[in-house]
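See structure below.
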Amino acid sequence: MDNAVFSALIMVLIMFGVGLYISAPFMRRTSADMFKDDYDETPLHHLLSRKDSIYAAMRELEFDYNTGKLSDGDYESLQGKFAGEAAGVLEEIDVMTGKPKTKTKTKTSGKSAALDDAAESDKCGACGFVYVEGDKFCAGCGADLV
Ligand SMILES: [Zn+2]
34 MDNAVFSALI
44 MVLIMFGVGL
54 YISAPFMRRT
64 SADMFKDDYD
74 ETPLHHLLSR
84 KDSIYAAMRE
94 LEFDYNTGKL
104 SDGDYESLQG
114 KFAGEAAGVL
124 EEIDVMTGKP
134 KTKTKTKTSG
144 KSAALDDAAE
154 SDKCGACGFV
164 YVEGDKFCAG
174 CGADLV
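Remember, my numbering sits 33 above the position in the sequence shown when you count from 1.
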């Protein structure tokens with residue numbers, strides 16, 4: 034092989050390698066987005082994925098608290114913040130899916146609410162995590178909900 038051609042080839046290979054290396058984080062992000070594609074295509078799915086990430090953050094918070102990484106005060110204020118965000122997102126989801134506001138699931142809603150509300154059955158069979166109707170996967174354990 035001609036020496037000039039050979040070194041040119043090496044150069045191209047190096048450039049290609051460097052290019053791949055530099056773009057790797059972006060490629061990863063892109064493939065992650067692609068993975069979530071059918072999740073983000075509608076406003077509702079956007080809300081659902083937002084809800085999922087809030088729940089994920091809440092679980093992480095719980096974990097950090099349980100492992101002693103957070104003080105009681107930090108835990109409580111963060112949990113309150115996440116709970117507020119989650120409630121807001123759930124409300125937006127309810128509005129979008131045409132559900133009445135009263136369907137928001139809270140422990141304080143008591144037995145009477147549970148009776149006329151099928152929401153109690155919206156629990157993951159695998160882990161008991163309460164999910165929103167229309168979810169494809171459990172936000173608690175990732176199990177298939179269909
Ligand atoms: Zn689950």
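Even for Gly, the Cβ is constructed at its ideal location relative to N, Cα and C.
TODO: Would you check if the distance between the CB atom of alanine 159 and the CB atom of aspartate 85 is smaller than 8 angstroms?
DONE: In the sequence shown, counting from the first residue as 1, residue 159 sits at position 126. In the sequence shown, counting from the first residue as 1, residue 85 sits at position 52. No, the pair does not count as a contact, with Cβ atoms beyond the cut-off.
Task: Bounding residues of the alpha helix (DSSP H) (the contiguous stretch that carries tyrosine 88) - done: Within the sequence shown, residue 88 is the residue found at index 55, counting from 1. Taken as a continuous stretch (DSSP letters only), the alpha helix (DSSP H) holding tyrosine 88 covers 76–99.
TODO: Kindly provide the chain-ordered list of residues whose Cβ lies closer than 6 angstroms to any non-hydrogen atom of ligand 1.
DONE: Close to ligand 1, as judged by a C-beta nearer than 6 angstroms to any of its heavy atoms, are the residues Cys157, Ala159, Cys160, Phe162, Cys171, Gly173, Cys174 and Ala176, in chain order.
TODO: Excluding the 5 residues preceding and the 5 following aspartate 155 in the sequence, name in chain order all residues of the same chain whose CB lies nearer than 8 angstroms to its CB.
DONE: By one-based count along the sequence shown, residue 155 stands at place 122. For aspartate 155, where only same-chain residues beyond five positions count, the Cβ hits under 8 angstroms are Lys138, Val163, Tyr164, Val165 and Glu166.
TODO: Go ahead and pull the three-state DSSP assignment for cysteine 174.
DONE: Here residue 174 is taken as the residue at index 141 of the sequence shown, counted from 1. Coil, per DSSP.
Task: Spatial distance of arginine 92 from proline 76 (CA atoms) - done: In the sequence shown, the residue the question calls residue 92 occupies position 59. In the sequence shown, the residue the question calls residue 76 occupies position 43. Cα to Cα, the separation comes out at about 24 angstroms.
Task: Buried versus exposed call for tyrosine 54 [16 or more other C-beta atoms within 10 Å across all chains shown] - done: For the purposes of this step, residue 54 is taken as the residue at position 21 of the sequence shown. Classification of tyrosine 54: exposed, given that the 10 Å Cβ count is below 16.
Task: Cutoff 8 angstroms: histidine 78 Cβ touching any chain C Cβ - done: The structure shown has no chain C; it contains just one protein chain.
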